[in-house]
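These notes are about the structure you will find just below.
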Amino acid sequence: MLLAEPPKTGADVEFSIGDIPVRIHPLFWIFTLMPMLDNRAFDSLLAGCWLLVVLISVLVHELGHAVTARYFGARPWITLYAFGGLAAYRPQDLDPRFDPTARSLLISFAGPAAGFLLAALTSGVLLLAGFQVHLTGITVEIDERLNDIHPYLYFFLRQLLFVNIIWGLLNLLPIYPLDGGQMLQAILVRTMGSAGMVQTFLSGILLGGAVAFYGAFSMRNSFLAILFGYIAFQNYQLYEAFRHRRW
Ligand SMILES: [Zn+2]
Numbered sequence: 002m003l004l005a006e007p008p009k010t011g012a013d014v015e016f017s018i019g020d021i022p023v024r025i026h027p028l029f030w031i032f033t034l035m036p037m038l039d040n041r042a043f044d045s046l047l048a049g050c051w052l053l054v055v056l057i058s059v060l061v062h063e064l065g066h067a068v069t070a071r072y073f074g075a076r077p078w079i080t081l082y083a084f085g086g087l088a089a090y091r092p093q094d095l096d097p098r099f100d101p102t103a104r105s106l107l108i109s110f111a112g113p114a115a116g117f118l119l120a121a122l123t124s125g126v127l128l129l130a131g132f133q134v135h136l137t138g139i140t141v142e143i144d145e146r147l148n149d150i151h152p153y154l155y156f157f158l159r160q161l162l163f164v165n166i167i168w169g170l171l172n173l174l175p176i177y178p179l180d181g182g183q184m185l186q187a188i189l190v191r192t193m194g195s196a197g198m199v200q201t202f203l204s205g206i207l208l209g210g211a212v213a214f215y216g217a218f219s220m221r222n223s224f225l226a227i228l229f230g231y232i233a234f235q236n237y238q239l240y241e242a243f244r245h246r247r248w
């Protein structure tokens with residue numbers, strides 16, 4: 002859900018998955034480990050598990066976008082940064098034979114879908130291994146027996162399921178630049194032309210602000226409040242820039 006790519010640094014980790022280049026900015030590690038550091042009983046193995054959960058989840062999500070964009074003819078690359086990742090490509094490389102709105106909708110939806118698929122596969126493997134998996138609300142809980150046998154594996158799999166389901170759902174909220182917001186933008190621009198951009202940013206301000214408010218006062222979740230407050234502010238800046246055509 003990044004808007005722009007961070008500059009290259011000497012501490013970047015670079016590799017590729019198939020023909021898709023991946024770059025990990027050093028802030029990715031720092032931001033991912035931050036919630037673990039203020040825990041008094043810091044456990045480095047647990048922190049390692051968490052880092053692996055976030056790394057796998059963000060990569061799978063971005064690969065969902067990248068592989069779909071690749072299918073439509075683009076040559077995408079992936080960047081992992083402070084608050085997640087970005088799968089970028091040059092829009093002019095996309096195959097013009099496909100309907101542009103359908104193409105955008107599929108590329109945006111493929112990120113959360115890849116995470117849901119990973120969660121389904123993880124649940125399937127657990128079931129095959131003889132552990133129960135059940136839906137509780139919108140997430141999945143794993144058999145406590147696994148916690149007795151292997152607490153780190155339990156932590157790892159539980160977080161992997163949680164992150165892939167919850168982040169996928171959050172990303173589908175119709176708030177720009179989340180995936181759901183990009184889908185909303187594709188639909189509004191198709192129906193209203195450039196006025197669709199203004200409507201996208203306006204709804205980003207309203208809905209982003211509403212989620213931030215709900216996070217702060219109803220859920221008392223400061224992470225959610227700060228994240229969506231920032232997203233609402235980004236939409237305000239985009240709205241202003243678009244009105245004055247500063248791009
Ligand atoms: Zn995404």
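In the numbering used here, the protein residues as written are 2 to 248. Note that CB positions come from ideal geometry on N, CA and C, so glycine has one too. Bear in mind the structure is a predicted one, so any value in this text is a computation, not a measurement.
Check: Let me check understanding here. Comparing Cα to Cα, which of F110, A114, P113 and I143 lies closest to G125?; Outcome: I143
Check: Compare the C-beta of I57 with all C-beta atoms of chain D and state if any pair is closer than 7 Å.; Outcome: Reference to chain D is not applicable here, since this structure consists of a single protein chain.
Check: Would you list the one or two residues that DSSP bridges to A120?; Outcome: Looking at the DSSP assignment, A120 forms no beta bridge with any residue, so it has no partner.
Check: Report yes if the C-beta of G169 is less than 6 Å from at least one heavy atom of ligand 1; otherwise report no.; Outcome: no
Check: Could you name the residues of the same chain whose beta carbon sits closer than 6 Å to that of M198, not counting the 5 residues immediately before and after it, in chain order?; Outcome: F243
Check: Which residue from L185, M184, L122 and G181 puts its Cα closest to that of L158?; Outcome: L122
Check: Nearest CA to the CA of L87: which residue from L64, A187, A115 and S219?; Outcome: L64
Check: Please determine, among S109, G230, I57 and A83, the residue with the shortest C-alpha to C-alpha distance to F73.; Outcome: S109
Check: If you check the beta carbons only, do V68 and L119 fall under 7 Å apart?; Outcome: no
Check: For A88, list the residues DSSP reports as bridge partners.; Outcome: I79
Check: Please report the straight-line C-alpha distance between G216 and A196, rounded to a whole angstrom.; Outcome: 30 Å
Check: Starting from L52, trace the beta strand (DSSP E) both ways and give me its first and last residue.; Outcome: Element bounds for L52: not the beta strand (DSSP E) but the alpha helix (DSSP H), S45 to Y72.
Check: What three-state label does DSSP hand S195 in the structure shown?; Outcome: coil
Check: In chain order, what residues have a CB nearer than 6 Å to some heavy atom of ligand 1?; Outcome: H62, H66, G112, N172 and D180
Check: Using 8 Å as the cut-off, can you tell me whether the stretch 124-138 makes contact with the stretch 213-232, which would need three or more C-beta pairs spanning the two stretches below that distance?; Outcome: no
Check: In terms of DSSP beta bridges, what is H135 paired with?; Outcome: E142
Check: Roughly how far, in whole angstroms, is the beta-carbon of G85 from the beta-carbon of V59, given that I think they are within contact range, below 8 Å?; Outcome: 6 Å
Check: Let me check understanding here. Comparing Cα to Cα, which of R76, I57 and R191 lies closest to L162?; Outcome: I57
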